[in-house]
Amino acid sequence: MSDLAVYDLDRTVTRRATYTPFLLHCAMRRAPWRLLFVPLVIGSMLAYVAQLIDRARLKEINHHLLLGAKIHPRELRPLVESFADKQVATNIRPGARKAIARDKAEGRRLVLATASYRLYADAIAERLGFDDVIGTGSVIGLDERVHAKIAGENAYGEAKMRMIADWVEKSEIKDAHGHVRFYSDHVSDRPAFDWADEPVAVNPHGKLRRLAEERGWAIEDWG
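Residue 2 is where the sequence shown starts when you use this note's numbering, and the numbers rise one by one after that.
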């Protein structure tokens, strides 16, 4: 029976969000002319704030603008690797490193559960010693290219919890996992907090801090 430690990525393990920086990283190294689309990226963000589009569509639009409609994995790989190296070197919370080391020493199976695209979250997770990754997938076309289209659900909020449950169902730990410790900075992960045996609010924003205090969940400052 495996005890689990499940981590959110953006602003939990990392200090800053990773998705837009990843796309900008790719644009600057692969096609700097795509930076001309930054005003359109900002416009799509405003459309999201105005609730004209959802998070999934926002991701797809910005992916298309800054990385292109499709890209071959061999072109994407060096961009992913250099971005992951940069994140691990500059964007990981000190407290996250300590928690990962502690959970690993306790023999827990380390799972990264993130709304970020797996196409780069996998590389970050590998460098930090995670065992598994649950995240937003990308459509791979018959042309073997990565398309600017989400495969399945955007792993955010209730969708993230559904994807965690699906991962448990399909893995060898079905009906056999032990104690679950879950870390996140954001109230959108309430379904996963409610599922976990030991919810931990990390550097929580106001809504999550209030919820954690009401529920008696642990609150940690990871710096």
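Built from N, CA and C at the ideal position, the CB exists for glycine as well.
Compute the Euclidean distance between the alpha carbons of residue i and residue j, then round it to the nearest angstrom.
i: VAL140; j: TYR118; result: 11 Å
i: PHE23; j: ALA106; result: 31 Å
i: TYR184; j: ILE72; result: 33 Å
i: GLU76; j: ARG30; result: 11 Å
i: HIS180; j: ARG109; result: 9 Å
i: ILE151; j: GLY224; result: 32 Å
i: ALA149; j: LEU25; result: 15 Å
i: ILE165; j: LEU36; result: 35 Å
i: VAL89; j: TRP34; result: 27 Å
i: LEU53; j: THR21; result: 19 Å
i: ILE101; j: LEU80; result: 25 Å
i: ALA70; j: PHE38; result: 14 Å
i: THR91; j: ALA197; result: 29 Å
i: PRO74; j: ASP222; result: 37 Å
In this structure, what does DSSP give as the bridge partners for residue i?
i: GLU199; result: ARG182
i: ARG7; result: As written in the sequence, residue 7 is Val, which differs from the Arg given in the question. Its beta-bridge partners are VAL112, PHE183.
i: THR91; result: Per DSSP, none; premise fails for THR91.
i: SER139; result: ILE151
i: THR15; result: ILE93
i: TYR118; result: THR137
i: LYS71; result: HIS148
i: GLU221; result: VAL203
If distances are taken between C-alpha atoms only, which option among the options comes closest to residue i?
i: ARG94; options: ALA149, ILE135, LEU5, ARG12; result: ARG12
i: GLY130; options: ARG103, GLY136, ALA18; result: ARG103
i: ASP1; options: ASP132, VAL50, LEU212; result: Shown here, the chain extends from 2 to 224; a query on residue 1 therefore has no answer.
i: ASP133; options: MET162, LYS99, PHE194, VAL169; result: VAL169
i: ALA28; options: MET162, LEU67, VAL188; result: LEU67
i: ASP9; options: GLU173, ALA197, VAL112; result: VAL112
i: GLU199; options: ARG210, ARG216, PRO205; result: ARG216
Do the stretch 150-158 and the stretch 49-66 make contact, defined as three or more Cβ pairs closer than 8 Å? Segments in contact, yes.
Report yes or no: do three or more beta-carbon pairs, one from the stretch 40-52 and one from the stretch 144-154, lie closer than 8 Å? In short, these stretches do not touch, since the Cβ pair count stays below three.
Contact between the stretch 111-127 and the stretch 75-95: three or more CB pairs below 8 Å? Contact holds between the stretch 111-127 and the stretch 75-95, because three or more Cβ pairs, one in each stretch, are under 8 Å apart.
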